[in-house]
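Protein chains in written order, with our numbering: chain V, 1 to 614; chain R, 1001 to 1348.
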């Protein structure tokens, strides 16, 4: 018996030893892993200081290659790292100087001639010339791999010429009014032309750029480090750098802000924002967003060649029914209840922050909430109330499926209001809660009646308008172009072509307004609101963010780079804490104490046991 | 709980006793081969399932990207081609199989890197987290479990067992968030996420301490949530031993209660426990997904979580196969260890 006991003990001991060995190995392996992935961070080691802005993020990074990266976080980072030919301004998103100080159009918008600023320099000191612009654009025009991310922006380019160092001439296939110089990060030819396979270049450390910051280092799922670029043509920013720090979920981000581990958090929920009110040293920012939230109606999914598919309720093809749904929804109340008022009640799909394009609230086509009107219009159209309170026509019940993303609490709350409101006017709504992926594939297959949708809109409305064209509808198998809601109206298409080439800004605005009004009266969708972007920052460390739009706009996710350009450290800012504080010493203390206690117990027991032999 | 493990052991014993001493060596080899063969078949099934399970799931990564940025139909087709999604399902499956045979899990859509490289990178942080948690949870659970059984129904037993059960029932993410809010957000004792503060040179003692500091809250969460299962197993299996005759013999020899417990009861009770410990290690690694997600720990769990929202199919396949392989190997190890530890088997 004794022998067995001893052997078993030995077994347990060796098992534990093996476990410990694993832990030790891995603990020593971690540094080497981190070393591999972030050589620059390891070598330069800037301590979190008073003038480095730390931003919490959870964004995906595919790479920092501006030709191929398609995710939001790297794409936003490019705004700070690479200057575009033309920028969107902070006030309202109108085109303003980027690399080009001025530009002119000839031949009715077919030829665009840009003049660069004098003395532009890359962050490594090399001169930045029109050859760099030509090189960048031509990469995207000639190599489909290099067009992965931004091909749509050059699809109308016929040729790009650089007659001298300061001039870029873009000749288009067809004339266009939207400035072609926006949104495309211009890369340094002297770096990129030496890379063998530029479409596979990760571009994630010691990046040479032309923006206010340069990308210094990137450690996947840990941090992204940007450093101020003294060669930026508008002058160096007032902070020495930005550090994006990864937090997987927004609750952790919020706690990190409270703890002072990050300085800026964005994308908060209204509950989270309200919870921060009264918190010392933290300032909240309720920014006008550039995203709309809408109720998408399946009024018959049709391919561009006219083939119908999907299972949409035919009742939705009737304008009266679509209008009745809109009449039945009290959007201001809904927004108050669901978003706690953090938003702007929508008209059409161009957000109010782009005031020149936005469909005005007092436009004659705008419908206000009117449940009685919904009822009487439906009644007049032959939809009579059945015994169960649901309207029917020709034996068909007015019953609609509403798809809800089960992970989206906003959609859940909206549907809790929509179901009774529509019931009130005699429309039955069956809410079907499902996961986001099923939802998106059902939407694509046209297997729905109503679903929530939303898009972030750019300052120039051209793209958003273009995905409402008849030709933008995808094929039944989901291939082909992207559509906003499957909308198709030849009159809308004709207006699109007009505004697309209308160089007179006022006339173009008017055409866009007409298009939005048309889409609105067709009930192409029911746009509910433009939600605010809720943000919070450590006002004990930083001040002076520039908002876009400058009147009540947002700091992060701008269609521009203004947010951090003017931000500066507060004069007597507390240096950030980054090292182990009290916590570690408490934990170590507890561990040591526990070790001592265990050791004492073992020793005393050994002594006792020594007297007792079997 | 223990029933699902005992049968192979018991079967092995019966088999041994029937065949006798002569055939011991051969049958052990047979047993070994059968177990390894079984594990290999499971692994092959996992590899096949890994492909189809994530293909059946709805969700189109390319559409998802096209929903958030301006893209022409050509760009969408280009991305589809790049991801290999334009090929027929069978061709994709064949590629997957031939690639996996050479250890190539394909390339992640999101990270644009080979999946095997990503898994290798994120493997060690997960091992550090789960390894530390496993050792602490096993030690704590077994130790408290044997004390609880020895003094069963005493106030100590009730408090220890009750507490562990409450913690076991608590949703992991809730406990994790609670700890995060109290010790991270409010008291500022511990960091609110990540593995190491930025800007600390790797390989230095400071770096090691910093990782340790970041490790505290995730480890506490994991230990709190899982130690109950070790405690309960240990308690149950010691209770079974408590009425055994050999303990009476031991007491009759004049040994103290403490020695009877430590030298006689506990070693025998450990037998079923050890196998269970290894089986649960697999589950522990699965539990890392939640903890890593809450504490932004850059490990395999977080990688999986993010791959799901892609959906980054190659990466999901890779982590699925790796997680399953760890569990299969741990179970195999448990089977073999049980045989090795049981003296009846060894002496047969």
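We put the CB at the ideal spot given by N, CA and C, even for glycine.
### Query
Cα separation between residue 141(V) and residue 157(V)?
Mapped onto the first chain, residue 141(V) falls at position 141. Mapped onto the first chain, residue 157(V) falls at position 157. Roughly 8 Å between the two C-alpha positions.
### Query
Using a Cβ-Cβ cut-off of 8 Å (strictly less than) and excluding sequence neighbours within five positions of residue 1011(R), which residues of its own chain qualify?
For the purposes of this step, residue 1011(R) is taken as residue 11 along the second chain, with counting starting at 1. Any reading at residue 1011(R) must be qualified, since the residue scores a pLDDT of 43, below 50, and its modelled position is unreliable; no value is offered.
### Query
Among all the DSSP beta bridges, which residues are the ones paired with residue 1114(R)?
As a first step, residue 1114(R) must be located in the second chain, where it is residue number 114. Residue 1114(R) pairs with 1107(R).
### Task
Give, in chain order, every residue of the segment 223-254 of chain V whose Cβ lies closer than 9 Å to some Cβ of chain R.
223, 225, 243, 245, 246, 247, 248, 249, 251, 252, 253, 254
### Message
I believe residue 1231(R) touches residue 1148(R) by the beta-carbon criterion, under 8 Å. Please report the beta-carbon distance rounded to the nearest angstrom.
### Response
Here the question's residue 1231(R) lines up with position 231 in the second chain. Here the question's residue 1148(R) lines up with position 148 in the second chain. Contact holds; Cβ gap of about 7 Å.
### Message
Only counting the same chain, and skipping five residues up and downstream in sequence, which positions put a Cβ closer than 8 Å to that of residue 1325(R)?
### Response
Locating residue 1325(R) in the second chain gives position 325, where the first residue counts as 1. Result list for residue 1325(R): 1043, 1046, in chain order.
### Task
Starting from residue 301(V), find everything on chain R with Cβ-Cβ shorter than 9 Å and list it in chain order.
Position 301 of the first chain holds residue 301(V). Here the premise fails: no neighbours, minimum Cβ distance about 15 Å.
### Query
What are the residues that DSSP puts in a beta bridge with residue 95(V)?
By one-based count along the first chain, residue 95(V) stands at place 95. For residue 95(V), which the question treats as bridged, DSSP gives the partners 88(V).
### Query
From residue 497(V) to residue 104(V), what distance separates their C-alpha atoms?
Working through the first chain from its first residue, we reach residue 497(V) at position 497. Working through the first chain from its first residue, we reach residue 104(V) at position 104. In a straight line, the C-alpha of residue 497(V) is about 21 Å away from that of residue 104(V).
### Query
Taking a cut of 7 Å between CB atoms, which residues from the segment 458-482 of chain V lie near chain R?
463, 478, 480, 481, 482
### Query
Regarding residue 1107(R) and the ligand GTP, is the C-beta to nearest heavy atom distance less than 7 Å?
Absence of the ligand GTP from the depicted structure is noted, as is the absence of any ligand whatsoever, leaving it without description.
### Query
Under the rule that 16 or more other beta-carbon atoms within 10 Å means buried, what is residue 217(V), buried or exposed?
As a first step, residue 217(V) must be located in the first chain, where it is residue number 217. Residue 217(V) comes out buried.
### Query
Is any beta-carbon of chain R found at less than 8 Å from that of residue 297(V)?
The residue labelled residue 297(V) in the question sits at position 297 within the first chain. Output row for residue 297(V): interface = no.
### Query
Taking all protein chains shown into account, do 16 or more other C-beta atoms lie within 10 angstroms of the C-beta of residue 1261(R), making it buried, or fewer, making it exposed?
On the second chain, residue 1261(R) is found 261 positions in, with the first residue counted as 1. Residue 1261(R) is buried by the Cβ-count criterion.
### Message
With a threshold of 8 Å between beta-carbons, can residue 1065(R) be considered close to chain V, or not?
### Response
Residue 1065(R) sits at position 65 when you count from the first residue of the second chain. So, interface residue.
#### Entry: Closer than 8 Å to chain V by CB, residue 1147(R)
Counted from its first residue, the second chain places residue 1147(R) at position 147. Not one chain V Cβ lies under 8 Å of residue 1147(R).
### Message
Looking only at its chain, what residues have a beta carbon closer than 7 Å to the beta carbon of residue 391(V), apart from the 5 residues adjacent to it on each side?
### Response
Within the first chain, the letter at position 391 stands for residue 391(V). Closer than 7 Å at Cβ, skipping near neighbours: 378, 383, 384, 385, 398, 426, 427.
### Task
Less than 8 Å between the CB atoms is what I'm expecting for residue 130(V) and residue 116(V), so what's the real figure, rounded?
Here residue 130(V) is taken as the residue at index 130 of the first chain, counted from 1. Here residue 116(V) is taken as the residue at index 116 of the first chain, counted from 1. The Cβ separation is near 6 Å, so the contact holds.
#### Entry: Neighbourhood of residue 406(V) by C-beta, 7 Å cutoff - its chain only, sequence neighbours within 5 removed
For this step, residue 406(V) is matched to residue 406 along the first chain. Taken in chain order, the residues that qualify are 433, 434, 435.
### Query
What three-state label does DSSP hand residue 1009(R) in the structure shown?
Position 9 of the second chain, counted from the first residue, corresponds to residue 1009(R). Residue confidence for residue 1009(R) is low, a pLDDT of 43 falling below 50, so the modelled location carries little weight; the figure read from the coordinates is stated next. In this structure, residue 1009(R) counts as helix in the three-state DSSP scheme.
### Task
May I have the straight-line CA-CA distance separating residue 1034(R) from residue 1167(R), to the nearest angstrom?
Taking the second chain and counting its residues from 1, one reaches residue 1034(R) at position 34. Taking the second chain and counting its residues from 1, one reaches residue 1167(R) at position 167. So the alpha carbons of these two residues sit roughly 38 Å apart.
### Task
Provide the residue span of the beta strand (DSSP E) that contains residue 112(V), from first to last.
Working through the first chain from its first residue, we reach residue 112(V) at position 112. Residues 111-116.
### Task
Go to residue 1230(R), then tell me how far its beta strand (DSSP E) extends in each direction, as first and last residue.
Taking the first residue of the second chain as position 1, residue 1230(R) is located at position 230. From DSSP, residue 1230(R) is part of no beta strand (DSSP E) but of the alpha helix (DSSP H) over 1205-1242.
### Message
Within 10 Å of its beta-carbon, does residue 79(V) have 16 or more other beta-carbons around it, so buried, or fewer, so exposed?
### Response
Start at 1 with the first residue of the first chain, and residue 79(V) comes out as number 79. Classification of residue 79(V): buried, given that the 10 Å Cβ count is 16 or more.
### Query
In this structure, does DSSP put residue 243(V) in helix, strand or coil?
As a working note, residue 243(V) is residue 243 in the first chain. Residue 243(V) falls in the strand class under three-state DSSP.
#### Entry: is_contact[residue 586(V), chain R] using C-beta, thresh 8 Å
Indexing the first chain from 1 puts residue 586(V) at position 586. Yes - at least one Cβ of chain R is within 8 Å of the one on residue 586(V).
### Query
Along chain B, which residues have their Cβ under 7 Å away from the Cβ of residue 261(V)?
Absence of chain B from the displayed structure is noted, the protein chains being V and R.
### Query
Counting along the chain, where does the alpha helix (DSSP H) carrying residue 490(V) start and finish?
Taking the first residue of the first chain as 1, we reach residue 490(V) at position 490. First-last of the alpha helix (DSSP H) with residue 490(V): 490-501.
### Task
Measure the CB-CB distance between residue 421(V) and residue 330(V) and report whether it falls below 8 Å.
Along the first chain, one-based indexing puts residue 421(V) at 421. Along the first chain, one-based indexing puts residue 330(V) at 330. Yes, the pair counts as a contact, with Cβ atoms nearer than the cut-off.
### Task
Kindly confirm or deny that the segment 210-227 of chain V and the segment 238-255 of chain V touch, where touching means at least three C-beta pairs closer than 8 Å.
yes
### Message
Does residue 373(V) come out as helix, strand or coil in the three-state DSSP assignment?
### Response
Here the question's residue 373(V) lines up with position 373 in the first chain. In this structure, residue 373(V) counts as helix in the three-state DSSP scheme.
### Message
If distances are taken between C-alpha atoms only, which option among 402(V), 444(V), 263(V) comes closest to residue 540(V)?
### Response
Taking the first residue of the first chain as 1, we reach residue 540(V) at position 540. For residue 540(V), the nearest C-alpha among the options comes from 263(V).
### Query
Rounded to a whole number of angstroms, what is the C-alpha to C-alpha distance between residue 560(V) and residue 318(V)?
By one-based count along the first chain, residue 560(V) stands at place 560. By one-based count along the first chain, residue 318(V) stands at place 318. In a straight line, the C-alpha of residue 560(V) is about 41 Å away from that of residue 318(V).
### Message
Let's test the definition: count the other Cβ atoms within 10 Å of the Cβ of residue 505(V) and tell me whether it reaches 16, buried, or not, exposed.
### Response
Mapped onto the first chain, residue 505(V) falls at position 505. Residue 505(V) should be labelled exposed.
### Query
Who are the neighbours of residue 201(V) on chain R, taking C-beta pairs under 8 Å?
As a position in the first chain, residue 201(V) is number 201, starting the count at 1. None at all; the shortest Cβ gap to chain R is about 11 Å.
### Message
So, does the segment 1172-1180 of chain R touch the segment 1302-1322 of chain R, judging by three or more C-beta pairs under 8 Å?
### Response
no
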